Every structure is written in structure tokens, then in C-alpha cells.
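In this note's numbering, the protein residues as written are 50 to 460. Following: one structure in C-alpha cells, then a few remarks.
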Ligand SMILES: Cc1ncc(COP(=O)(O)O)c(C=O)c1O
């Protein structure tokens, strides 16, 4: 992967601004939110300059605005590999989309029906479901095994009954970084006649989404962690979306509009087209911006291999220091984990380490990252949570080395 070309596509690495700190920062808080790619930034300006009118009118600018927005939405459709454009729902954030869909889906459920959540998930894929206890839905928790940090399908099966309507889990935990076998789990859950609701937020920046290959019913991610602006995207299977009630005005009964109350943020949706364009360009080493799965697959294969090299460098260092414990698997294999790494130190708390590293102008972070249950279950609250180092494909080996030196100087 041509890292110089990649970094050039992210203006944040070059720009000076009077309101910004003077010293450049090494940015390794990517799982909190990534930098935004140039095409996406420019798309926002382009939309607001040229297409800033209400959609659906007969005048020419409105017609072209509708066309441009449809093109951007089609890019998202290709990006997630949805069969139909109606399956792509956009909203203010992942959290708000999960909440909306929980209210819509649960209208077809009755008292005593069951939803299974995990103790690994970010609250986004837990809180909305727990809220349904108030209407008599039974919530059960599928817990990780603390020694291996893994969710086991056997444990899930013991929780499932003929009342289980839905199982909600994460593709990649934003703390552990492990890639869960979601296609296998989905098959198992479908065999038991329940639906799946998958959080892909920590997966999407690192590996290519393929909702059809996995056969998932619902899958969501946040575009601001995937090189775009602040919003959320949700895929839902058309046959399900078509039959459940919506969350918009009663006369709006078609998907995705029935799940998008009011106007969606057009310029941000349009900007997501810019992200997909960038990824396709990356997949052809800058030669083409044609939006297709082949280019996206190439891009993500470059990303996966490149990030594994960065991660391995970090693991090579951390595993030489017995006082550090990796919270997750100690392996950079691309099919097993992404480059989001959490650690704790046997005597230093996580806040002390991160605040020390701040002075080196390196942005990492400590805490529970809203995976509140996981941090409590692992007994890490008194450590101030974990130290999370979350890399993206625009980080460099030199940056990883600088982080290693900074951490090492503290010990
Ligand atoms: C794994 C994971 N899921 C869900 C979310 C919620 O995303 P949003 O801010 O778009 O609601 C986050 C945000 O940090 C996250 O890390």
C-alpha cells in the first residue's frame, strides 16, 4: 500500500490552522473516530454549494440533487453489498438507528418474548434492547469467557428458547478487537428462528462489509469512524423492513423513508459517496474511481495486511514487557483481529499511562469506551478501564515506534 498517497488523501495530516495546536499529532484514537478523507470533505462543500435544495420537486436543481443523492446511496449499497437500495437506512448515529429499529421491530413482539444481548457490546447495541423490558420483553445476556475473551456459540444455545426473537452482538468489540464469526452465528440463530442485529462499527474501518455473504438481518456502522462525517448507516433485510411498522409520519410507509424521520442529513449522506470513491481509488492504487466490489475488496485487502504489520510491531514490543497484559488475543492475523488493541499494566493505571503519552503529542485513550459491561465483567474499572491504541491504515511504522518509545520511557 502506498502510504504516502494514502496520507495525502487526509487533509488533517497536513493542514495548519490558527485554532489547532502547533505540534502535529500522532493520531491513534481511530476507534473513537477516524480522520475524514478529502473526497468526503469536498463532497460536503459540493453538495451544499450545488445541490442545496429540497428533494422531490420538479425543478432542475431538485431533480439533480435527488439523482446525486441516489448515486451516493447506491455507493453505500455497494459498500455493504446490499441487494436493494431500500435496505440502506441513514441516520444521525448508530445509537439512534438502533433505538429507532428497536421501537419498530418490538411492536410485533409480545410480553415474554426474548432478546439476547452480549456483555461485550458497546451500549449502542444493548441499551435500546434493555429498555424493552418495560414492555415485558425478557432480556438475556450472552457473556464472554473471561479467560479467552471469547463468546462461545455453546453458551448462546443454552440461552435460546422458542421465544427468542432477536440476538444482538458485535462483529468486532471496540475493546478486544477480535473478529467474531458472525456468518456461523447467524446461521445457528436462523436455525433457531430468531433474527440477528449486528454492530459493525469497529469492523467497518478495517474489513469489507458483506451483508449478503453473512446473511445478517440488520447490520450498522458509523461513518465518522470509517473516514467520513458524523452519521450512522444501517442495513436491514428488505423482507423484514417491508413488514414492520416505521418511525415516520404514518403516510410514509416505504423503506428506508419510514425509518428516517424528517429529512436525513443530505450533505453527509452525499459525503459517504466520497468515502467509497476513496476506497475504490485505493483498491486500484489511484488509477480508477469506479465504484465496484472488486475495487473495494482490493482496498480492504491492502488495509488488512498493512494494519497487521503495524499491529505486529506493537505486539512484538508489548509482549516483551511482562507487566503489560493484552486484553484480547495476542495475534495480528488478519482473519482473527483488527488493529484496535487494549492493554493494562500491572501497577500503573490506564489514565496515568495515557496522560503521560499525551505529552508526546500521541493521541491514545483510556476508559470503558461505552463497553461498560465488558469492563466491569473483566474487573477493570479500578484500573480506569483499558489503554486503547486504535490504529488505522494511515498510521505509519514510524508512528508506532514513537508510541513504543514514549511508553517505554515511562516504565
Ligand atoms: C463499537 C461501537 N458501536 C457503536 C457505537 C456508537 O456509534 P454512534 O456514535 O454512531 O452512535 C460506537 C461508538 O463509539 C462503537 O465504538
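Using N, Cα and C, we set each Cβ at its ideal position, and we do this for glycine too. Just so you know, these numbers come straight off a predicted model, no measurement behind them.
- Of the residues 460, 234, 144 and 282, the one whose Cα lies closest to the Cα of residue 369 is 460.
- CA-CA distance, residue 312 to residue 107, rounds to 18 Å.
- Along the stretch 245 to 295, the alpha helix (DSSP H) occurs as fully enclosed runs of 4 or more residues at 260 to 263 and 287 to 292, listed in sequence order.
- Counting every other CB atom within 10 Å of its CB across the protein chains shown gives residue 168 a total of 16 or more, marking it as buried.
- Short of 7 Å from the beta carbon of residue 147, and not among the five residues preceding or following it, lie these beta carbons of its own chain, in chain order: 173, 174, 177 and 269.
- If you draw a 10 Å sphere on the C-beta of residue 326, you find 16 or more other C-beta atoms in it, and that means buried.
- Counting every other CB atom within 10 Å of its CB across the protein chains shown gives residue 295 a total of 16 or more, marking it as buried.
- Ranked by how close their Cα comes to the Cα of residue 355, the residues 151, 252 and 383 have 383 in first place.
- As for any beta strand (DSSP E) of minimum length 3 sitting wholly inside the stretch 67 to 93, there is none.
- As computed with DSSP, residue 426 is found in no beta bridge at all.
- Residue 165 places its beta carbon less than 7 Å from that of residue 216.
- With a minimum length of 3 residues, the unbroken runs of beta strand (DSSP E) contained wholly in the stretch 114 to 194 fall at 137 to 140, 163 to 167 and 187 to 191.
- Counting along the chain, no alpha helix (DSSP H) covers residue 370, and no H or E run does either.
- Where residue 333 is concerned, there is no enclosing beta strand (DSSP E), because DSSP gives it neither an H nor an E.
- Here the distance from the Cβ of residue 458 to the nearest heavy atom of ligand 1 is not below 6 Å.
- Between residue 426 and residue 192 the beta-carbon gap is near 7 Å, inside 8 Å, which marks them as a contact.
- For residue 421, the three-state secondary structure derived from DSSP is helix.
- Counting only the Cα atoms, residue 428 lies some 13 Å from residue 374.
- Distances taken from the Cβ of residue 248 to the heavy atoms of ligand 1 include one shorter than 6 Å.
- In this structure, DSSP gives residue 104 a state outside helix and strand, which the three-state scheme calls coil.
- In this structure residue 258 touches residue 249 by the C-beta definition: roughly 6 Å separates them, less than 8 Å.
- The beta carbon of residue 398 sits closer than 7 Å to the beta carbons of 432 and 433 from its chain, once the five residues preceding and following it are set aside; these are given in chain order.
- Residue 440 sits in coil when the DSSP states are folded into three classes, being neither helix nor strand.
- Going by DSSP, residue 414 is part of the beta strand (DSSP E) stretching over 414 to 416.
- Non-local C-beta neighbours of residue 387 in its own chain, meaning closer than 6 Å and more than five positions away in sequence, comprise 221, 226 and 255, ordered along the chain.
- Distances from the CA of residue 350 to each of 130, 114, 442 and 85 were compared; the closest alpha carbon is that of 442.
- Nearest in C-alpha terms to residue 392, of all of 361, 430 and 435, is 435.
- In the three-state scheme derived from DSSP, where H, G and I count as helix and E and B as strand, residue 391 is classed as strand.
- If you ignore the 5 residues before and after residue 307, its C-beta comes within less than 6 Å of the C-beta of 295, 297 and 301, all in its own chain and listed in chain order.
- Membership of residue 214 in any alpha helix (DSSP H) is not indicated; the residue belongs instead to the beta strand (DSSP E) covering 213 to 219.
- Excluding sequence positions up to five before and after residue 420, its CB lies within less than 8 Å of the CB of 169, 170, 171, 172, 222, 223 and 224, all in the same chain and listed in chain order.
- Taking each of 329, 359, 338 and 360 in turn and checking the Cα distance to residue 347, the smallest one comes out for 329.
- The secondary-structure analysis by DSSP pairs residue 453 with nothing; it has no beta-bridge partner.
- A direct Cα-to-Cα measurement between residue 134 and residue 122 gives close to 7 Å.
- Around the beta-carbon of residue 278, 16 or more other beta-carbon atoms lie within 10 Å, marking it buried.
- If you ignore the 5 residues before and after residue 455, its C-beta comes within less than 7 Å of the C-beta of 406, 409 and 411, all in its own chain and listed in chain order.
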